[in-house]
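Residue numbers (our numbering): 6 to 342.
Just so it is clear, CB atoms sit at the ideal spot from N, CA and C, and this is done for glycine as well.
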Amino acid sequence: MQHGEQSGAKKAAAWVVSPNGQVKREMPVEAARGEGAAAAAAGAGEEEEVEAGGMIAAAVGDGFEGVEISVRIDLAVLHCPLCLLPLKPPTYQCAAGHLACSSCHGDVPGKKCHTCGGGGGGGVYARCPGLDTFLRAAKILCPNDLFGCRSYVAYHDAAAHQRACPHAPCSCSEPRCDFLGSPPMLLAHLVADHSWPVSKVPYGEVLTIHVPETERRHLVVAGGAGGDDERVFVLSVGALGVARAVSVACVRANAAVGPRYRCKLWAHAPGGGAADFVHMDSAVASSAAAPGGEVAVDEEARFLMVPPCFLHLLDAGTSKEMLIRLSISIDTDIDMS
6 MQHGEQSGAK KAAAWVVSPN GQVKREMPVE AARGEGAAAA AAGAGEEEEV
56 EAGGMIAAAV GDGFEGVEIS VRIDLAVLHC PLCLLPLKPP TYQCAAGHLA
106 CSSCHGDVPG KKCHTCGGGG GGGVYARCPG LDTFLRAAKI LCPNDLFGCR
156 SYVAYHDAAA HQRACPHAPC SCSEPRCDFL GSPPMLLAHL VADHSWPVSK
206 VPYGEVLTIH VPETERRHLV VAGGAGGDDE RVFVLSVGAL GVARAVSVAC
256 VRANAAVGPR YRCKLWAHAP GGGAADFVHM DSAVASSAAA PGGEVAVDEE
306 ARFLMVPPCF LHLLDAGTSK EMLIRLSISI DTDIDMS
């Protein structure tokens with residue numbers, strides 16, 4: 006049967022969600038009789054197509070385990086009627102059908118129902134395992150699906166997932182640019198639309214970058230040896246008096262997502278020996294926007310100060326550059342971003 010079609014006079018099944026969270030399938034009398042006759046003629050094991058919420062779910066016999074359908078649900082069903090927050094297991098219900106989340110259930114002594122009242126006739130809350138099962142199965146697509154996330158999460162966990170989602174969008178720091186996208190999307194945008202330079206380096210290896218005097222940022226894509234777990238970093242250069250302040254940030258909307266990183270930076274003096282350099286070893290900060298070259302200088306700033314004498318004069322003699330060496334590694338020992 007094609008999507009959305011009905012054969013003959015057969016009417017579609019109605020999936021009903023009751024206020025206490027129970028989901029049941031209601032059939033019109035004529036359709037129920039017709040299906041009963043068909044089942045008797047065909048016997049057990051015949052496949053039945055069920056139309057619900059615009060999708061077709063095929064079930065063999067009486068078994069529905071593993072079959073998924075799309076349904077429309079009143080949002081109020083998924084929220085506690087008392088605190089209005091999303092319901093999550095464990096949930097509670099009195100004999101009259103009034104619901105409460107675990108927090109609201111614990112607010113009154115004796116497990117008395119808030120709605121029924123605390124008098125002698127008031128209902129008493131008890132666990133509602135049927136609703137718990139429904140809430141665990143009620144899943145939605147991550148709100149960051151536009152930015153590449155394809156995860157389906159329980160409705161009550163959607164907010165927490167969104168805060169920690171690795172696809173959470175980051176913004177472009179270029180003036181008058183309102184681009185918003187996941188870190189890989191932002192990387193492609195900065196390179197294609199704003200001509201930011203980019204380099205790649207495996208974790209733990211050293212990358213040499215020639216940074217022109219006028220350059221304020223350089224994208225670095227670091228990852229595993231096989232290109233796994235790639236992350237986008239930005240090397241930013243800001244003014245610190247006559248010196249330069251060089252910093253590295255990981256581009257991600259939430260520092261709690263994924264591992265922490267450490268960065269080693271070296272700046273080498275022109276024509277100097279092995280000892281003529283400045284060095285920094287620091288945890289890597291995170292940023293929800295690709296830094297545009299401004300480096301915050303305060304007591305918590307993580308930057309490498311490069312003196313003006315460390316600028317290399319180019320062959321033409323009209324411009325200068327810094328010789329920066331960079332290494333990024335995953336750090337499992339720190340608890341900071």
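For Glu153, which residues in the same chain have their Cβ closer than 6 Å to its Cβ, ignoring the five residues on either side in sequence?
Looking at the sequence provided, one finds Gly at residue 153 rather than Glu. Result list for Gly153: His172 and Ser187, in chain order.
Looking at the structure shown, is Lys205 part of a helix, part of a strand, or coil, going by DSSP?
strand
Could you check what DSSP says for Arg265 in three-state terms: helix, strand or coil?
strand
Backbone CA spacing between Ala244 and Pro86 [nearest angstrom]:
Their Cα atoms are separated by approximately 55 Å.
In the DSSP assignment, what residue or residues form a beta bridge with Glu326?
Looking at the DSSP output, Glu326 shares a beta bridge with Pro217 and His317.
Which same chain residues end up closer than 8 Å to Cys147 when comparing Cβ atoms and leaving out the 5 residues on each side of it in sequence?
Cys154, Arg155, Ser156, Tyr157, Val158, Ala163, His166, Gln167, Cys170 and His172
Is the separation between the beta-carbon of Arg330 and that of Ser252 shorter than 8 Å?
no
Excluding the 5 residues preceding and the 5 following Phe315 in the sequence, name in chain order all residues of the same chain whose CB lies nearer than 6 Å to its CB.
For Phe315, where only same-chain residues beyond five positions count, the Cβ hits under 6 Å are Ala272 and Ala274.
If we ignore side chains and look at the alpha-carbon of each, how far apart do Ser292 and Met190 end up?
Roughly 15 Å between the two C-alpha positions.
Going by C-alpha distance, which of Pro114, Arg132, Ser324 and Ser75 is nearest His103?
Arg132
Starting from His406 and walking both ways along the alpha helix (DSSP H), at which residues does that stretch end?
Residue coverage of the chain in this structure runs from 6 to 342, which leaves residue 406 outside it and unanswerable.
Span separating the alpha-carbon of Arg221 from that of Glu326
When rounded, the distance between both Cα atoms is 11 Å.
How should Arg236 be labelled, buried or exposed, when 16 other C-beta atoms within 10 angstroms of its C-beta is the threshold for buried?
buried
Per DSSP, the bridge partner or partners of Ala248
Leu245
From which residue to which residue does the beta strand (DSSP E) around His172 run?
Run containing His172: none; DSSP gives neither H nor E here.
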